[in-house]
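*Asks:*
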Amino acid sequence: MNKKLFLTAAAIPVALIVPTLASAAETVTVTGQNIVNETLTVHQLPNNAIVNAYQWYYLEKVASEDGSKTSTNKPIAGATSASLKVPVEAAGKTIFVEATTTDGKKYQSEPRTINQLDLAITTPTLEGFSTSDFVAPGETVKVAGVTVTDKAGAKLTSGQITYSYQWFYQLGEGENSFTIIEGASGSTYTIPKDAIEKGIKDIIVKVKAQVGTSFVESPRSEVISISKEPTDTLSNDIKNLLVNDNKYNVSDIKSFEEKIKALESKYQALSEPAKGNVSNYAVLKRALADVDLINKLNEKVDKVGGISDKDLPAYIKEIEAAYDKFDLLQRSLDVNDALYTSIKNLLNEPNDLEEIKEVRRLNLAIVNLLSYSNGISQYVPSDKDSLQGVVNTIEADIAKLSQNYRGAVQNLTILNEAKADIKKVEQFIKSFDKLSSNNTPNKQVTVAKSIRSTYEKLTYKQLKLVPDKYGQLLTAAESAEESQIATLNNDIDSYIGDDIYPINPSASSWQSHVNNVARMVKEYKSLTKASAAQIEGYDSLVTLQKDLKTAEKVIKDMDAYQKLSGVTGVTESKLNSSYTNILKAYNKLTSLQQSLVYNAQEFLLNTPKVSVDGKVPADKAAAEALKADIAKFADVTKFTFNQLEKAVDTAAQSYKKLSSGARKYVTNNYLLTAAQKDITGVKSFYKKIQTAKEETDAAKQAKKIESVQKAYAKLPANQQHLAKEQYEALLKNQIIDENAPNIKQLNDELATIVSNDQYLVSIDKINTLSKQYSSLSSSDKKLITNYDILKAAIADVKKAESFMKTYEKSFNSNPSTVIKAFEKLTSKQVSLIPSDIQKWISEKQQGQQQTNEQALTLIESINSLLVNGEYIAGLEDKVKDIRTKYDALSAQDKKIVKNYSKLTQAESDLKKVADVHALYKVDGDEAAQKAWQSAYGKLSKKLELLYKNMYPQDTK
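Everything in the sequence shown is counted per numbering that gives the first Met the number 0, starting at 0 for the first residue and increasing by one.
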């Protein structure tokens with residue numbers, strides 16, 4: 000509290016003294032009320048006055064040294080405009096305004112005195128406590144409202160008012176005797192926790208307000224009493240909710256709920272500090288939560304009738320589990336065990352005898368899905384639909400079992416694999432939707448290849464489920480191109496030959512031959528890769544297609560020459576030039592190409608006439624004789640290479656000896672030139688033959704002969720004739736490579752390694768064939784038409800070898816892993832596994848599928864530990880006996896006991912009960928007794944009953 004504010008007025012600041020200007024004429028008029036916060040305004044100025052500055056002043060009396068008082072003018076800070084809002088400090092003072100013109104003249108207004116403030120204040124109101132009658136320790140009381148006004152009419156603003164506070168408490172028994180509370184000088188006051196103990200029971204507050212130099216003090220507030228009575232009563236009511244730590248004071252759950260809700264409403268009405276005085280609120284909060292849990296579980300029990308039979312067991316189990324979580328305190332709300340009895344009546348343990356019998360039957364039905372022959376398992380139902388029917392029946396029967404016994408059904412792996420195999424087969428059959436007899440052969444073969452790929456991945460068991468008709472459809476689709484292959488091979492064979500093409504074309508048949516060749520090429524390109532590999536002579540067909548184009552150009556040139564020769568007026572030189580050029584082009588053709596030029600004979604017989612003008616030379620006769628010799632070169636087939644070489648050399652020498660005039664008579668000299676080129680070409684070709692002959696390495700010679708063959712095919716017809724003798728001698732005397740691959744034999748062997756989805760050869764044989772293929776050249780590999788068979792076999796070998804590694808590593812230690820891997824092998828892959836290993840796996844597989852009567856009996860024993868949710872008498876001995884038998888089971892058999900958790904739960908519950916019993920002391924002190932009661936109170940209903948059964952003397 001600002002005590003100076005209550006005792007003295009604030010000191011007035013020292014004024015700035017401004018001398019009065021005696022010469023100033025008081026001719027300025029001001030309007031406005033002389034009240035604080037009102038505005039005074041210059042209303043009128045002297046005539047002819049141009050004012051550019053204003054200053055407002057306080058007119059004050061100052062005491063002089065001789066005791067007399069004189070007037071002084073004190074400028075009001077910041078008051079330099081024509082208007083002035085009267086400040087609070089001006090209350091009771093005299094003020095005026097001075098106006099200064101542009102020429103320095105000053106004018107003053109008439110002084111006016113501002114009204115003195117006459118303050119009034121209302122009685123303060125308080126807030127912040129829970130009730131209208133009391134305030135509790137810890138609560139904070141706040142001055143909520145007080146109003147300050149000026150009786151003289153000044154309109155005060157909140158910023159102009161300064162408040163100070165002081166709190167008091169009643170001292171002793173005197174009426175209205177209050178003393179100051181030290182330090183309580185704020186607008187709020189927090190009641191100390193120990194206020195009542197210190198004698199602070201009734202309090203008031205007074206407020207003092209200051210505006211400028213004026214003060215006003217409020218009347219005292221209403222007296223507020225401090226009391227713990229509301230929270231003390233609430234705390235006592237909460238305490239009475241309990242009989243003891245483990246039991247609510249309840250006779251009817253509904254009235255108990257209404258009571259605690261009413262207490263909760265009272266508690267929530269308290270302020271936060273007052274709530275802190277209710278030290279046992281946790282009991283009320285717990286009671287609210289516990290009642291809610293009981294009510295919700297009751298609601299869940301009431302809804303049992305609307306739950307489906309399928310969901311009912313799980314639903315009841317949830318109810319039972321929820322009740323088991325209740326401790327003794329919570330269960331005390333279940334008056335007369337009404338809820339517990341309802342839940343107990345819902346529990347229905349499985350009919351052990353009938354359900355175990357059904358489990359045994361289902362186990363046998365699942366095992367009987369499979370049969371074993373030669374170490375390989377297959378399904379007893381012969382097709383997919385039959386197997387699906389049996390599987391559906393078994394699954395439906397399993398679903399009828401109670402939840403406890405569904406887990407006892409064995410060999411579900413067989414059932415699940417059967418479902419997976421059915422799905423796989425259905426997907427395979429679905430792939431035939433893409434296959435149609437309306438498709439082109441190529442499309443059928445392509446689709447069949449995709450189907451075959453899926454077919455190859457089916458296991459033996461899956462294959463046996465596929466109806467035979469789908470295998471027939473697949474085979475038919477795969478062979479869709481066979482008739483096309485045979486026809487195309489016949490067509491190509493009728494068109495190609497070694498030295499000449501056998502088609503004997505004519506002007507009328509030419510285009511049909513061109514079209515037929517184009518058709519055959521197109522058909523070949525439309526074949527699948529495997530089918531195309533069965534076409535013989537395709538390379539020759541492509542050569543024929545090119546030769547037809549080459550020959551056609553020569554044919555057209557010959558036809559053009561024949562027409563030109565029949566035209567009157569064509570010069571001999573033009574005809575001769577045309578003939579010579581066409582003949583050169585013809586002679587460049589291979590023998591195969593020449594066989595296509597159907598108008599060659601007519602052209603060759605129509606040689607142009609050549610006239611020789613001028614003086615007849617003396618050696619004309621020699622020239623004509625030479626011309627006759629050269630004419631023989633038009634048909635080199637009449638010569639051997641040596642004969643032609645000799646004749647050409649002789650003719651060349653004779654031609655050189657002729658005079659220039661006589662040479663004109665040798666009009667067919669172009670034949671001599673052509674023959675010379677043929678000799679040169681053959682000699683060059685002979686060098687390649689010689690290089691091949693001299694090669695002693697069979698493999699290398701084979702490659703060089705292959706190069707010679709390609710070169711021979713490109714020689715012009717005349718050169719092919721002249722080189723033929725040595726060319727054929729080279730081929731005849733080729734070194735035989737004993738190590739050269741036998742392509743036909745390899746193809747034939749590959750065709751026979753698999754039949755009816757079973758390999759007929761061993762892994763070693765497949766690896767040998769793979770090595771043979773790998774050793775082939777790139778060109779030879781293209782000739783292996785059965786490579787797809789080899790490729791699939793190599794992949795199957797890798798799978799089989801991988802399985803054998805798994806077998807060797809895990810068969811003895813973990814046979815289940817081996818069996819699982821074996822089941823994934825395809826029919827062909829299985830055929831690569833040694834038969835004795837297949838037999839061992841089959842025996843192990845059948846051994847693992849035997850039902851276990853001991854495990855099923857143990858399931859029955861475990862289920863008998865509880866009857867309608869309560870443990871049987873003699874539980875401890877029964878649990879020990881079951882534990883001994885369970886521990887004697889194999890690891891595989893233990894997996895069958897799906898209700899094993901019930902055994903471990905019983906063991907855990909026995910330990911919990913024993914631990915609580917260990918806390919019981921017959922002659923124990925209060926702390927020991929309380930510790931036992933606390934532990935006992937946390938037991939579930941099921942464990943409470945078990946405890947009473949095992950240790951009845953503890954609860955008497």
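Glycine residues also receive a C-beta, built at the ideal position from the N, C-alpha and C atoms.
Is residue 221 close to chain D, meaning its C-beta is less than 8 angstroms from at least one C-beta of that chain?
*Replies:* No chain D is present in this structure, which holds just one protein chain.
*Asks:* Could you check the C-alpha separation between residue 412 and residue 461 for me, to the nearest Å?
*Replies:* Residue 412 and residue 461: Cα-Cα distance of roughly 16 angstroms.
*Asks:* Can you give me the C-alpha to C-alpha distance between residue 727 and residue 451, rounded to a whole angstrom?
*Replies:* Cα-Cα distance, rounded: 47 angstroms.
*Asks:* Mind reading off the beta-carbon distance from residue 70 to residue 58? Whole number of angstroms is fine, and I expect it under 8 angstroms.
*Replies:* About 6 angstroms separates the two Cβ atoms, so the contact holds.
*Asks:* In three-state DSSP terms, what is residue 163?
*Replies:* Note: residue 163 maps to strand in three-state DSSP.
*Asks:* Work out the CA separation of residue 714 and residue 533 for me, nearest whole Å.
*Replies:* If I take the Cα positions, the gap works out to 29 angstroms.
*Asks:* Could I get the ranges of all uninterrupted alpha helix (DSSP H) runs contained in the segment 762 to 787, with 4 residues as the minimum, in chain order?
*Replies:* Taking only runs of at least 4 residues, the alpha helix (DSSP H) segments lying wholly in the segment 762 to 787 are 762 to 773, 777 to 780.
*Asks:* Cα-Cα, which of 405, 365, 752 is closest to residue 389?
*Replies:* The residue with the shortest Cα to Cα distance from residue 389 is 365.
*Asks:* Using DSSP's beta-bridge definition, name the partner residues of residue 111.
*Replies:* Beta-bridge pairing links residue 111 to 94.
*Asks:* Which class does residue 23 belong to by DSSP, given the choice of helix, strand or coil?
*Replies:* Bear in mind that the predicted position of residue 23 carries a pLDDT of just 43, short of 50, making it too unreliable to give a figure here.
*Asks:* Which residue marks the beginning of the alpha helix (DSSP H) containing residue 638, and which one marks its end?
*Replies:* Looking at the DSSP string, residue 638 is not in any alpha helix (DSSP H), and its letter there is neither H nor E.
*Asks:* To the nearest angstrom, report how far apart residue 178 and residue 189 are at their CA atoms.
*Replies:* Computed Cα separation, rounded: 17 angstroms.
*Asks:* Would you give the residue range spanned by the beta strand (DSSP E) that residue 494 belongs to?
*Replies:* Taken as a continuous stretch (DSSP letters only), residue 494 belongs to no beta strand (DSSP E), as it is neither H nor E.
*Asks:* Should residue 75 be labelled buried (16 or more other beta-carbon atoms within 10 Å of its own) or exposed?
*Replies:* Answer is buried; the Cβ neighbour count reaches 16.
*Asks:* With burial defined as no fewer than 16 other Cβ atoms inside 10 Å of the residue's Cβ, what is the status of residue 855: buried or exposed?
*Replies:* By the 10 Å Cβ count, residue 855 comes out buried.
*Asks:* Once you ignore the five residues that flank residue 589 on each side, which residues in its own chain have a CB closer than 8 angstroms to its CB?
*Replies:* The answer, listed in chain order, is 546, 712, 713, 714, 715, 716, 719.
*Asks:* Determine which residues share a DSSP beta bridge with residue 216 and list them.
*Replies:* For residue 216, which the question treats as bridged, DSSP gives the partners 207.
*Asks:* First and last residue of the alpha helix (DSSP H) that includes residue 892?
*Replies:* Unbroken alpha helix (DSSP H) run through residue 892: 890 to 893.
*Asks:* Which of the three DSSP states, helix, strand or coil, is assigned to residue 178?
*Replies:* Reduced to three states, the DSSP call for residue 178 is strand.
*Asks:* State the start and end residues of the unbroken beta strand (DSSP E) segment that holds residue 126.
*Replies:* Looking at the DSSP string, the run of the beta strand (DSSP E) that includes residue 126 is 124 to 126.
*Asks:* Determine which residues share a DSSP beta bridge with residue 509 and list them.
*Replies:* According to DSSP, which records beta bridges pairwise, residue 509 is partnered with nothing at all.
*Asks:* At what residues does the beta strand (DSSP E) containing residue 370 begin and finish?
*Replies:* Taken as a continuous stretch (DSSP letters only), the beta strand (DSSP E) holding residue 370 covers 369 to 372.
*Asks:* For a minimum of 4 consecutive residues, which ranges assigned as the alpha helix (DSSP H) are wholly contained in the segment 438 to 467?
*Replies:* DSSP runs (the alpha helix (DSSP H)) wholly in the segment 438 to 467: 440 to 455, 459 to 463.
*Asks:* If residue 233 sits next to residue 290, beta carbons under 8 angstroms apart, how far is it from one beta carbon to the other, in whole angstroms?
*Replies:* That pair is no contact at about 18 angstroms.
*Asks:* What span of residues does the beta strand (DSSP E) with residue 60 cover, start to end?
*Replies:* Run containing residue 60: 50 to 62, per the beta strand (DSSP E) assignment.
*Asks:* Would residue 955 be called buried (16 or more neighbouring beta carbons within 10 Å of its own) or exposed?
*Replies:* Counting Cβ neighbours within 10 Å, residue 955 comes out exposed, since fewer than 16 surround it.
*Asks:* Report yes or no: do the segment 880 to 892 and the segment 911 to 921 share at least 3 C-beta pairs separated by less than 8 angstroms?
*Replies:* Result no; under three Cβ-Cβ pairs closer than 8 angstroms.
*Asks:* Judging by CA-CA distance, which residue of 611, 602, 818 is the nearest neighbour of residue 572?
*Replies:* Minimum Cα distance to residue 572 is reached at 611.
*Asks:* With a CB to CB cut of under 7 angstroms and the five nearest residues on each side skipped, what residues in its chain are close to residue 9?
*Replies:* Because residue 9 sits at a pLDDT of 32, beneath the cut-off of 50, its placement in the model cannot be relied upon, and the following sentence gives the value as read from the coordinates. So the list reads 212, once near-sequence residues are dropped.
*Asks:* Got a sec? Which residues, its chain only, sit under 8 angstroms from residue 626 by beta carbon, not counting five neighbours each side?
*Replies:* Only 664, 665, 666, 667 meet the Cβ criterion.
*Asks:* So what does residue 758 bridge to, in DSSP terms?
*Replies:* BP columns for residue 758 point to 753.
*Asks:* Is the Cβ-Cβ distance between residue 421 and residue 383 less than 8 angstroms?
*Replies:* The answer is yes: Cβ separation under 8 angstroms.
*Asks:* With DSSP collapsed to three states, give me the class of residue 243.
*Replies:* DSSP places residue 243 in strand when its eight states are reduced to three.
*Asks:* Tell whether a beta-carbon distance below 8 angstroms holds between residue 357 and residue 400.
*Replies:* In contact: residue 357 and residue 400 (Cβ atoms closer than 8 angstroms).
*Asks:* Would you mind sorting residue 677 into buried or exposed? The rule is 16 or more other CB atoms within 10 Å of its CB.
*Replies:* Residue 677 should be labelled buried.
*Asks:* Any contact between the segment 467 to 482 and the segment 496 to 515? By contact I mean 3 or more CB pairs, one from each, below 8 angstroms.
*Replies:* Contact fails: fewer than three Cβ-Cβ distances are below 8 angstroms.
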